[in-house]
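Line by line, the protein sequences are chains A and B.
For the first sequence, position 76 matches number 75 in numbering that gives the first Met the number 0, and the numbering has no gaps at all.
For the second sequence, position 193 matches number 192 in numbering that gives the first Met the number 0, and the numbering has no gaps at all.
Don't be surprised by glycine CBs; every beta carbon is placed ideally from N, CA and C.
Structure first, then comments.
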Amino acid sequence: MTRDLQPALLIGAAALAAFGVSLVNFAAQGTVDAQVGLTFGTVLFAFGGVFVAARRFAPEAVPHLLPPIAVIAGFGFIEIFRLNPYRAGLQRWWLLIGAALATVVLAWISRNGLASLRRYRNTQLLLAVGLLLLPLLPSDGPLPIRGLEVNGSRLWIEVDLYIAQLNFQPGEVAKLLFVVFLASYLADRQPALTGAHRRIGRLTLPEPRQLGPLLLVWLGSLGILISQRDLGASLLLFLVFVAMLYVATGEGGYLVGGGLLIAIGGVASWQMFDHVQRRVSAWLDPFGAFEDAGYQVAQGIFGMGTGSLSGSGPGLGRPELIPNAITDFVFAAIGEEFGFAGTVAVLGCYALAIATGFGIALRSRDRFNKLLAFGLTFVFALQTFLIIGGVLRVVPLTGIALPFMSYGGSALVGNFMLVALLLAVSHEEASR
Amino acid sequence: MNGPMRRMARLVFLGFGLLLGALTWFQVLGADGYRSDPRNVRTAINISGKERGLIVTGDGTVLARSDPDPNDPQAYLRVYPEGPTFAHVAGYTSRLVGEAGLEEAYRNELRSRRDLTISDVIAALFGRDLRPENLLVTIDAELQRAAVAALDGQRGAVVAIEPSTGAVLAYVSSPSYDPNTFLGPSAVANRQTVLDDPNEPIRDRAGTELYPPGSVFKAVVAASAVESGIAGPETTFEDPVVYELPGSTATIGNADGGPCGDGVEVTLQAALVRSCNTIFAALSVRLGATAIGETASSFGFDRTLDFPWALAESTFPASALADDPAALAQSGIGERDVRVTPLQMALVAAAIANSGEVPQPYIVSQVFDADANAREVTEPRLIGRAMSPATAVVLQQMMERVVTSGTGQAASITGVRVAGKTGTALPEPGRPDVWFIGFAPVDAPQIAIAVMLEDGGPLGESGTGGSVAAPIAGTLMERYLVRGDAG
């Protein structure tokens, strides 16, 4: 793919989204309205904007990361618009805000260099932990920032801006800070972490002293699970940490140890928490618990099965029967209305974006850049796998936003920044 | 670092492979199963408003049809012109409350294929007709209406079968409901009204509810005794006033409290004609649970019968009764552990009428397309053989005597030889389930019937099979045969 194709592909993605919206329009009212043009403009402006910013601030960046993501965002937007036009209007603004922030990230890194991210490592960690703790603020406190409980989980904050209230999931940004911190921490600490180790049979185990960070993050993840009842974020943070530790050190023992800790944490939380038990039983037999915990998963499967190969067509299915169809279950809604053809296309776009991300990491020579690109790509891939896998019963359902597809401003903003960082890494490595 | 990184990337894409596999199952290989799952209301939503096939009887009575919607030229409205009379046969297809009956069982035949699913498009490319198919049912509309009238809203059921083929001639569960009220915007409220009715009209008493058969089960025990050679019609039995249950001081007596005959000895024939509990309790213990159980299962007990909807399984728990002669004695007279559907008892009568061969009951005789070409024709077949032709003749004669000179006299028809057996089960005191099973004419049976009313029908606690169910059976068989002769 040559660089020149990128504008054409982005225009194509915007046209695809606009065409989908026109079909939804037509199915609902028999006519087409201004939403079609607005959709075309939004997708083109957001991704075209990031493209132009990348040309300016990261001209050597890989050309095939933005197009698949624009297609994904377009698909998601069609389904959000079809299910909830009001929320689609908000999502439009979040797309633009996310793109603007991506531009800011690109510009800042172009001026200061990626290495500048390593200067404030401990601040980043503190900030990440602080952001993760924010939702625990009292929901009726005097501060302009309040914690909110949504669907039994505590991951939202409500920010009082005096003119309006803004709801935000700080965990979405904390994820990024955590990956940046880990990349710089692991880039420096490699010798210590790969030093002496013990052998037990064929297995190489690190010294107990080196396991300290592993246990610390494990406890932190469990803390998130207990205090915020957020299975998804808890699993995500721990898995990213273990993966980056393994990649940085090459020690398979970390994978084994991490796996054991996940097993222990999983069994313990299954025994201790009602909501984990419900998730697991709904995963094992959603149809048995159809009236109860399994309803959402079962409805998602019914929707995808009814959609079959070619889907009902946008606006013609019944994805409104699936609870949370525009957030956690947007993939099932896509499956119902766009069919196997649509879900495979979406899965292919994710695979393309993720492969591109791994490619950037593999080609990087700087340790920090390499770990950063890997961590960001892994976070992106893991979120995609965990939520689609939850919808498809490959893994238990964890409430995670599907990147660029689910409705939700915080996730969109976080993921735009993630993509901007990846572009910046690829530019810096290519132009060195 | 690239080694571990490649391994992690491979792991991620392995995960994506799993996603693709799951997706292939849910959206391609297993999709039809999920689409047609009864809890998946999408199917019902999508078929509402679409044209569906006819359900008709042989005489042209329409049980279900689709009329053009006057308010929407694209849409159709489903109509059940016979209302409650055929509710438990035709069932319904409702966007809001789901499906039942033939509408559910034959949903793929009855639906329009014009909604362009992938398989329909492929079928159309091969020249297949996309219009809905239709069902021809075996029910005799007049007999069905007469049975509904005879039950008169009381809780009960009538099932009539053509003995030589197994074609179901009447399938009535009473009281019933109007499936038309399950369509339209107030369907949920209307269905709730039906569900709240203390007489439970939603229940299918003909085929999916189990009852103790009482003395109609003696026909099964008698068939087992004659077939095994233990007894013939003239075999005599000791005739006590009461039968003492083995290993117990409890006793079984006859309906009138006295001995069956003269108090000395009595024949099997006489015991069946007078429906004597003392004799049949003793006979059951002598036969043993295994022998009775084998006969019962050859009639269709304790197995899943093939039918458009799931029938309740009639049961005679032979292995449990083998070690409990007291329970066996009580079960041998149709109480305690025996449970049956009216459909199963009609099948018992049909098998005795059909020289011992048990016909497979069926209700749809043909699936035909919009141009009236048959797509599928049901060929009559047999479930198996319950007894030899010779045993069947003996049973026919004994059961004819029940109607000519025994408890079943109320079922007699002038000029027609009728055979039958009455039953009065008492699962709880004062609430008898009253029964009659029978067939006619004896020399060339055209109809076998089972009539059952809960709580003694109009006579309440004093109702018996002979006084309540037998006259209904007689009237219905007469109407069917007389008209048959005229036609």
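Between the CA atoms of residue j and residue i - distance to the nearest angstrom
i: B:Leu53; j: B:Pro178; result: 15 Å
i: B:Ile332; j: B:Leu135; result: 39 Å
i: A:Ser226; j: A:Asp284; result: 27 Å
i: A:Val266; j: A:Leu113; result: 40 Å
i: B:Gly414; j: B:Leu480; result: 11 Å
i: B:Cys275; j: B:Ala468; result: 18 Å
i: A:Met416; j: A:Asn83; result: 26 Å
i: A:Pro402; j: B:Arg51; result: 43 Å
i: A:Ile96; j: A:Tyr406; result: 14 Å
i: B:Asp68; j: B:Arg77; result: 9 Å
i: B:Leu19; j: A:Thr326; result: 21 Å
i: B:Phe300; j: B:Glu312; result: 7 Å
i: A:Leu260; j: A:Val216; result: 11 Å
i: B:Val357; j: B:Val27; result: 42 Å
i: B:Pro457; j: B:Ala328; result: 30 Å
i: B:Pro239; j: B:Gly407; result: 24 Å
Where residue i meets chain A, residues with beta-carbon distance less than 7 Å
i: B:Asp36; result: Phe301
i: B:Ala30; result: Gly304 and Ser307
i: B:Phe236; result: Within 7 Å Cβ-Cβ: nothing; B:Phe236 doesn't reach chain A, min ~53 Å.
Proximal residues of chain B, C-beta to C-beta of residue i below 9 Å
i: A:Leu369; result: Note that residue 369 of chain A is Lys in the sequence shown, not Leu. Near A:Lys369 (Cβ distances below 9 Å), the residues of chain B are Met0, Asn1 and Met4.
Strand pairing of residue i, partner residues [DSSP]
i: A:Ile144; result: A:Val158
i: B:Ala439; result: B:Ile446
i: B:Asp432; result: B:Ala424
i: A:Met243; result: Bridge partners of A:Met243: none, in fact.
i: B:Ala469; result: The partner list for B:Ala469 (beta bridge, DSSP) is empty, contrary to what the question assumes.
i: B:Glu237; result: B:Glu264
i: A:Asn166; result: A:Glu157
i: B:Arg64; result: B:Val78
i: B:Pro358; result: B:Leu381
i: A:Met303; result: According to DSSP, which records beta bridges pairwise, A:Met303 is partnered with nothing at all.
8 Å Cβ cutoff, residue i in contact with chain A
i: B:Tyr79; result: no
i: B:Pro358; result: no
i: B:Phe125; result: no
i: B:Val337; result: no
i: B:Gly97; result: no
i: B:Leu194; result: no
i: B:Phe315; result: no
i: B:Ala74; result: no
i: B:Tyr33; result: yes
i: B:Gly14; result: yes
i: B:Asn107; result: no
i: B:Phe181; result: no
i: B:Val415; result: no
i: B:Arg41; result: yes
i: B:Ala8; result: yes
i: B:Val187; result: no
i: B:Phe435; result: no
i: B:Gln445; result: no
CB contact below 8 Å: residue i versus chain B
i: A:Leu308; result: yes
i: A:Val23; result: no
i: A:Arg317; result: yes
i: A:Ile387; result: yes
i: A:Ile353; result: yes
i: A:Val246; result: yes
i: A:Leu361; result: yes
i: A:Ala380; result: yes
Chain-ordered chain B contacts of residue i [CB-CB under 7 Å]
i: A:Arg392; result: Ala21
i: A:Phe237; result: Those within 7 Å of A:Phe237 in chain B number zero; the least Cβ separation is about 15 Å.
i: A:Ala267; result: Per Cβ cutoff of 7 Å: no residues; A:Ala267 is ~24 Å from chain B at best.
Chain-ordered neighbours of residue i on chain B, where CB pairs are closer than 8 Å
i: A:Leu343; result: Looking at the sequence itself, residue 343 of chain A is Val, so the reference to Leu does not match. Those are Leu19 and Leu22, listed as they occur along chain B.
i: A:Gly75; result: The contacting residues do not exist; A:Gly75 stays about 17 Å from chain B at best.
i: A:Ala242; result: Met7
Near the ligand SAH: residue i beta-carbon under 7 Å from a heavy atom
i: B:Leu95; result: What this structure holds is no ligand at all, so the ligand SAH is not there to describe.
What are the uninterrupted segments assigned as alpha helix (DSSP H) that are 4 or more residues long and contained completely in the region 270-299 of chain A, given in chain order?
Qualifying alpha helix (DSSP H) stretches, in chain order: 273-283.
Give, in chain order, every unbroken run of the alpha helix (DSSP H) that is at least 4 residues long and sits entirely within the region 168-254 of chain B.
Runs of the alpha helix (DSSP H) lying entirely within the region 168-254 of chain B, each at least 4 residues long, are 186-195 and 217-227 in chain order.
Taking only runs of the alpha helix (DSSP H) that begin and end inside the region 312-398 of chain A, which ones reach a length of at least 4 residues, in chain order?
Counting whole runs of 4 or more residues, the region 312-398 of chain A contains the alpha helix (DSSP H) stretches 329-362 and 366-390.
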